[in-house]
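Engineer:
Numbering (full-length UniProt numbering), first residue to last: 1 to 137.
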């Protein structure tokens, strides 16, 4: 069984893209469209990685990031934040609240794949992979 990845995204089309990319990496995706559903999913069965849209409609994805990081039971949990807001202060805030990686939206597929692999410590693709320009903490 592959690594588990919880995708917290309220736009269905983006959630489907992320689901596909996670499956391509041999991982098991789960989905949540809001922070409350995500918190319940993590409590029921902690994933290896949570991919969070920072700009969720009901509650900030960064609030979810902060609350997950504050839970000592989730010490090994990896968190990736996605956001259309990618000014330096937005990126710094995501890392300050506990993100392990930040990807700006829209993102390059190669950056997403490289970041997934790095956070989940997966083997690189055959033939080597291009280094990512994504922001890692």
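For glycine and all other residues, C-beta sits at the position ideal for the given N, C-alpha and C. Bear in mind that the values here come from a model prediction, so they are computed numbers and not experimental data.
(1) Which one of 68, 79, 3 and 56 has the shortest CA to CA distance from residue 43?
(2) Once DSSP output is grouped into helix, strand and coil, what is the label at residue 121?
(3) Whose CA, out of 3, 72 and 99, lies closest to the CA of residue 47?
(4) Less than 8 Å between the C-beta atoms of residue 49 and residue 119, yes or no?
(5) Would you call the CB atoms of residue 97 and residue 62 closer than 8 Å?
(6) Looking only at its own chain, which residues have a Cβ that is under 6 Å from the Cβ of residue 35, when we skip the five neighbours before and after it?
(7) Taking residue 114 as the reference, which of 22, 92 and 13 has the closest Cα?
(8) Shortest alpha-carbon distance to residue 107 belongs to which of 86, 72 and 117?
Structural biologist: Taking the coordinates as given:
(1) 68
(2) coil
(3) 3
(4) yes
(5) yes
(6) 59 and 64
(7) 22
(8) 86
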